[in-house]
Every structure is written in structure tokens, then in C-alpha cells.
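Numbering (my numbering), first residue to last: 327 to 607.
No residue lacks a Cβ here, since even glycine has one placed at the ideal position from N, Cα and C.
This structure is a prediction, so every number in the text was calculated from the model and none was measured.
The structure under discussion appears below in the form of C-alpha cells.
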Amino acid sequence: MKVITKPNITAKDAFLTCISKVKNVDLKTRLTACVNLISQAETEFESKITKGDIHTICKEQIVNGNVIAKELKTVYTDRMAGTNAPGRTIYDKLILAPKNGICPLCSHGHVSTLDHYLPKSDFPRLAVVPINLIPSCFDCNKYKLTTSPRKPEEETLHPYYDNIEDVQWLYAQVNHTTPPTVSFFVKPLDSWSDLLKARVQHHFQSFSLAKLYTKEAAVYISDLNQRLQSIHSSSGAIGVSEYLRNEAISRCAVDKNSWRTAFYFAVADDDWFCDGGFQIS
Ligand SMILES: [Zn+2]
327 MKVITKPNIT AKDAFLTCIS KVKNVDLKTR LTACVNLISQ AETEFESKIT
377 KGDIHTICKE QIVNGNVIAK ELKTVYTDRM AGTNAPGRTI YDKLILAPKN
427 GICPLCSHGH VSTLDHYLPK SDFPRLAVVP INLIPSCFDC NKYKLTTSPR
477 KPEEETLHPY YDNIEDVQWL YAQVNHTTPP TVSFFVKPLD SWSDLLKARV
527 QHHFQSFSLA KLYTKEAAVY ISDLNQRLQS IHSSSGAIGV SEYLRNEAIS
577 RCAVDKNSWR TAFYFAVADD DWFCDGGFQI S
């Protein structure tokens with residue numbers, strides 16, 4: 327999970343920009359009257375995120391008595407995400423925020439969409455609120471679907487607010503099979519609160535990261551095979567381990583919790599793997 331700088335666009339500015347070209351007078355009047363309620367939703371979200379209180383935000387289907395959820399969802403789909411939409415510059419600014427375009431939720435996929443932390447179908451006032459919009463890859467967006475937390479432990483990590491980048495918490499272990507496989511797991515720090523421990527685990531499970539990383543590791547093992555065989559022939563298991571450890575250190579300098587970092591440390595530490603277990607057949 328990677329941190330992103332929180333966007334400095336207010337919900338009010340984003341919303342007013344998005345609805346700036348609404349031609350239907352009745353719709354424009356009703357939407358404009360929602361501005362304060364949308365700012366209030368932003369304030370509530372900001373005050374509750376990371377405190378384990380996001381799940382207490384109420385779902386709603388009608389806003390301000392006369393705007394239905396579908397109308398606010400359409401403000402996002404047609405007036406923010408749509409090509410040439412008035413809010414498209416805001417959409418693009420949000421989507422381009424992650425370094426190298428890497429999805430902050432899985433630290434692996436490429437960003438292709440914005441994920442609503444709280445889904446717009448149940449929380450229409452947050453449909454175009456920037457702090458509720460997280461750049462995401464297709465798969466992470468798909469796994470999340472329209473689920474929302476029912477308790478503090480189900481609040482997934484939020485890249486604008488949760489920073490656990492400085493310490494290693496993602497680890498891996500080698501399974502001694504032919505071909506070898508690698509399993510990934512979260513090892514929470516003792517210093518983390520019980521809530522943070524639960525949220526990191528829930529995040530890992532919600533986005534099926536163990537499965538994703540194991541699949542990617544299998545490709546890596548295959549790609550590395552010839553190289554490792556060559557090193558093993560000349561320098562034995564010690565040479566293989568040294569090569570893999572250097573790769574781990576290099577990856578760790580960029581991201582302590584990428585699956586590649588966890589992968590390289592795990593295989594470098596595994597005597598069986600380094601002494602020929604790496605062979606895929
Ligand atoms: Zn992702």
C-alpha cells in the first residue's frame with residue numbers, strides 16, 4: 327500500500343465545476359442546493375477516516391429531499407469521468423497522482439480508474455468528493471465493487487491518510503514444491519494498534535493480494551530460472567542466495583512492502599530454494 331499526497335481540491339470546487347454545464351434549469355437548481363450538504367459530507371469523511379468511524383457514515387438514497395442518488399452518481403460518470411466533461415481535469419489530476427502510475431492499493435497494477443472509497447451508490451454525496459476518490463487499477467476496483475465497511479476492522483487502508491510505508495510488514499515464504507511457489511502474508515508490527523493490525527489484514531484480504539502476488543511470483547521464478555541455474559553452476563547455493571539478496575536490497579530501497587521485495591528476501595533466505603529448489607521441472 328502506497329501513500330499519495332491528499333488532493334487539495336475541495337468537494338465544493340469539484341462539485342460546482344462538475345455541474346457547471348448542466349443545462350436543465352430544474353436539475354441545476356436542485357444540484358446547486360446540495361453544495362453545503364456535499365461540503366458537510368467531506369468534513370464528516372475527513373473527521374472519521376482512520377479513526378475507525380467511517381462505517382458510521384449513513385447511507386442515503388435521497389439528498390436534500392429532492393435529488394436522488396442516481397442523479398449524483400451521474401454527476402460523477404457524465405460530468406467528471408466522461409471525456410470532455412467539465413470535471414475531467416480534476417479526474418485526470420487525481421488519477422495521475424501515484425508515482426509511476428502504480429496502483430496504491432496493491433502496489434502492483436497500473437492505475438486505470440478512480441475507486442470510490444465509499445461507493446457512490448450508497449453515499450451519493452461523496453460521488454465527486456476528491457478525498458473519497460482513490461486512483462486504482464482495474465482489478466482493485468473490481469474486487470472492491472460496491473462494498474462498504476460495517477465495522478472499524480473492515481475499513482481498508484486509505485492512501486491519502488494511512489502511512490505504513492516506513493516499516494516492512496509484507497513477508498513471503500517459499501513452498502518446497504515442484505515447481506516452487508511462494509506465499510505472501512502480513513506480519514503486523516507490535517507497535518501498531520489492534521485496529522490498524524486488523525485493517526491491514528482486511529485490506530490484504532479484500533483486494534486478494536496473496537493470490538495476486540503468488541501468481542506474479544510464479545512468473546518471476548520461471549523468468550529467473552536460467553539465470554539462477556547459471557549462478558548455481560558457478561557459485562553454488564551461496565552465490566544464488568547472494569544474487570537474490572542483492573535484488574531484495576535493491577527492491578527494498580524503492581518499496582519496503584512491494585511483493586518483489588518480500589519475494590526476493592524470502593527466496594534468498596531459503597536454503598532449499600537456493601540449492602536448486604528454484605528449478606521449475
Ligand atoms: Zn491495484
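C-alpha distance - residue i paired with residue j, whole-angstrom precision
i: Ile388; j: Asn572; result: 57 angstroms
i: Pro475; j: Cys466; result: 16 angstroms
i: Phe449; j: Leu459; result: 12 angstroms
i: Tyr469; j: Gln494; result: 25 angstroms
i: Glu368; j: Ser519; result: 26 angstroms
i: Arg577; j: Tyr590; result: 8 angstroms
i: Ile380; j: Pro456; result: 16 angstroms
i: Ser534; j: Asp488; result: 19 angstroms
i: Asp516; j: Ala395; result: 42 angstroms
i: Leu521; j: Tyr443; result: 18 angstroms
i: Asp492; j: Gln605; result: 34 angstroms
i: Tyr486; j: Leu353; result: 32 angstroms
i: Thr400; j: Lys338; result: 17 angstroms
i: Met327; j: Ser561; result: 36 angstroms
i: Lys385; j: Leu440; result: 20 angstroms
i: Asp596; j: Leu431; result: 28 angstroms
i: Tyr417; j: Ala359; result: 23 angstroms
8 angstroms CB neighbourhood of residue i in its chain, flanking five on each side removed
i: Ser607; result: Thr504, Pro505
i: Pro514; result: Trp495, Leu522, Lys523, Val526, Gln527
Bounding residues of the alpha helix (DSSP H) (the contiguous stretch that carries residue i)
i: Leu496; result: That residue, Leu496, is in no alpha helix (DSSP H); its beta strand (DSSP E) goes 496-501.
i: Thr358; result: 351-358
i: Asp581; result: Note, Asp581: premise wrong, no alpha helix (DSSP H); not H, not E.
i: Val329; result: Note, Val329: premise wrong, no alpha helix (DSSP H); not H, not E.
i: Asp339; result: 337-344
i: Phe589; result: 585-595
Close Cβ partners of residue i (< 7 angstroms) along its chain, the five nearest in sequence each way excluded
i: Thr507; result: Asn501, Thr540, Ala544
i: Gly378; result: Pro478, Glu481, Leu521
i: Ile547; result: Pro505, Pro506, Phe604, Ile606
Neighbourhood of residue i by C-beta distance below 6 angstroms, restricted to the same chain and skipping five residues each side
i: Leu570; result: Tyr590, Val593, Ala594
Residue i - containing beta strand (DSSP E), residue span
i: Asp441; result: 437-442
For this session: Just list the alpha helix (DSSP H) runs in the stretch 447-492, keeping only unbroken ones of 4 residues or longer that don't cross its boundaries, in chain order.
Result: 464-470
Return the chain-ordered ranges of every alpha helix (DSSP H) run that is complete within the stretch 524-553 and spans a minimum of 4 residues. none
Below 8 angstroms, how does it come out for the stretch 403-419 and the stretch 343-359: are there three or more Cβ pairs, yes or no?
yes
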